[in-house]
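Comments concern the structure below.
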Amino acid sequence: MKTIYKIPLLIVLFLTSFLSAQEKIKGNKEVTRENRNISNFDKIEIIDNLDVKLVYNADQSVNVETDSNLQSSIITSVNNGMLSVSIQNKIVNKKELMVHINVNSSLKEINGYNKSNIESNNSLNIDTLTINSFDNCDINLKLNSKLLRINSKKISDLKFEILSEQVFINSEESSSIKGTIDAVETIFSLIDKSVVNINGSTNVFEIETLGNSTFKGKDFTAKDVVINASNSSNAYIKATKSIDIYTKNSAEVYLYDNPKITLSEFFDKSSIYKKE
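Heads up: the sequence shown runs through residues 102 to 377, numbered per the numbering used here.
See below:
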């Protein structure tokens, strides 16, 4: 039995030693900007605690703005079309750290991890785009697309200004999504303790709320709505033409405006409230 428990102990000791030995570095306060030589990319992943600014431009580029002695600690590479940006060493202090990335219409996917912060100054005009946020990631983007997919997990915080034909949002765990969406078709799925708070408009709106999730959409005007609410979720819906409701468990649905109401399922202790 002693031999069995030695292996996990050795792994713990190795990881502890590795983390302790990880080089710490402090910025020299002399800020420089460095253009990185990169190949073409259609996907981006921001792995560490980095501030990233996306700019829509015909030509792709990556520029790192930080203290001169920290430049070598910011790793940028492209593998199989994936631009990866990460930090090699533990930076304990710096005057500036910003990664500027020019993207164009070939971009298909954005991935944010850990405590990364991704934002855009201008609108990203991309036909088809998928955005994945994990951990404690912050994303603030302006988007103009035909098809947009957003997957938000952990405690990530997302803010958007979206103009699109189709928008699909999957919000899980304790993630938060806010902003404005104007789309032809919008489909949402909320679970766990996620919160989505949006305004704007759509023609067709399908939404599923599960767990303790909350959808705040009293300022999101939809013509035709299908809602499936269950568990202890809450949904605030503004439908102008029609709404088809499926609700059960202890879910609560709050209705705004005066649509034609079809009550397809109404079970357990679920509630429906009419709001002005």
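Note that CB positions come from ideal geometry on N, CA and C, so glycine has one too. Just so it is clear, the structure is predicted and the values come from calculations on it, not from any experiment.
Which residues in the same chain have their Cβ closer than 6 Å to the Cβ of residue i, if we skip the five residues on either side of it in sequence?
{"i": "residue 373", "result": "354"}
{"i": "residue 361", "result": "343"}
{"i": "residue 265", "result": "246, 249, 284"}
{"i": "residue 290", "result": "271, 309"}
{"i": "residue 233", "result": "212, 252"}
{"i": "residue 306", "result": "287, 323, 326"}
{"i": "residue 207", "result": "143"}
{"i": "residue 255", "result": "235, 236, 274"}
{"i": "residue 369", "result": "349, 350"}
{"i": "residue 267", "result": "248, 286"}
{"i": "residue 294", "result": "275, 313"}
{"i": "residue 155", "result": "202, 204, 221"}
{"i": "residue 269", "result": "250, 288"}
{"i": "residue 198", "result": "167"}
Is the CB-CB distance between residue i and residue j below 8 Å?
{"i": "residue 281", "j": "residue 303", "result": "no"}
{"i": "residue 325", "j": "residue 300", "result": "no"}
{"i": "residue 169", "j": "residue 124", "result": "no"}
{"i": "residue 312", "j": "residue 276", "result": "no"}
{"i": "residue 216", "j": "residue 241", "result": "no"}
{"i": "residue 139", "j": "residue 179", "result": "yes"}
{"i": "residue 366", "j": "residue 341", "result": "no"}
{"i": "residue 329", "j": "residue 351", "result": "no"}
{"i": "residue 292", "j": "residue 314", "result": "yes"}
{"i": "residue 153", "j": "residue 218", "result": "yes"}
Suppose the cutoff is 7 Å on Cβ atoms and the five residues either side in sequence are ignored; what does the same chain contact list for residue i look like?
{"i": "residue 172", "result": "133, 135, 165"}
{"i": "residue 174", "result": "126, 188, 189, 190, 192"}
{"i": "residue 129", "result": "168, 169, 170"}
Take residue i as the anchor and find which of the options has the nearest alpha-carbon.
{"i": "residue 144", "options": "202, 277, 294", "result": "202"}
{"i": "residue 161", "options": "183, 307, 237, 341", "result": "183"}
{"i": "residue 339", "options": "345, 322, 348", "result": "322"}
{"i": "residue 253", "options": "278, 242, 268", "result": "278"}
{"i": "residue 230", "options": "209, 331, 315, 306", "result": "209"}
{"i": "residue 177", "options": "157, 156, 141, 273", "result": "141"}
{"i": "residue 137", "options": "314, 371, 156, 186", "result": "186"}
{"i": "residue 376", "options": "370, 256, 227, 357", "result": "357"}
{"i": "residue 220", "options": "268, 274, 167, 157", "result": "157"}
{"i": "residue 227", "options": "198, 346, 218, 263", "result": "263"}
{"i": "residue 364", "options": "345, 370, 371", "result": "345"}
Tell me, to the nearest whole angstrom, how far the beta carbon of residue i is from that of residue j; I am working on the premise that it is less than 8 Å.
{"i": "residue 159", "j": "residue 205", "result": "6 Å"}
{"i": "residue 188", "j": "residue 151", "result": "7 Å"}
{"i": "residue 243", "j": "residue 225", "result": "7 Å"}
{"i": "residue 127", "j": "residue 194", "result": "5 Å"}
Output needed for residue i: all residues of its chain with C-beta closer than 8 Å, excluding positions within five of it in sequence on either side, in chain order.
{"i": "residue 214", "result": "146, 147, 148, 149, 235, 236, 238"}
{"i": "residue 379", "result": "Outside the displayed range of the chain (102 to 377) lies residue 379, so it cannot be described from this structure."}
{"i": "residue 122", "result": "At residue 122 the pLDDT is 49, less than 50, meaning the model places this residue with poor confidence; the figure from the coordinates comes in the next sentence. Counting only Cβ-Cβ distances below 8 Å, and skipping sequence neighbours, we find nothing."}
Below 7 Å, is the gap between the Cβ of residue i and the nearest heavy atom of the ligand GDP?
{"i": "residue 214", "result": "The model on display carries no ligand, and the ligand GDP is accordingly not part of it."}
Is there a Cβ from chain D that is less than 8 Å from the Cβ of residue i?
{"i": "residue 334", "result": "Absent here is chain D; the protein component of the structure consists of one chain."}
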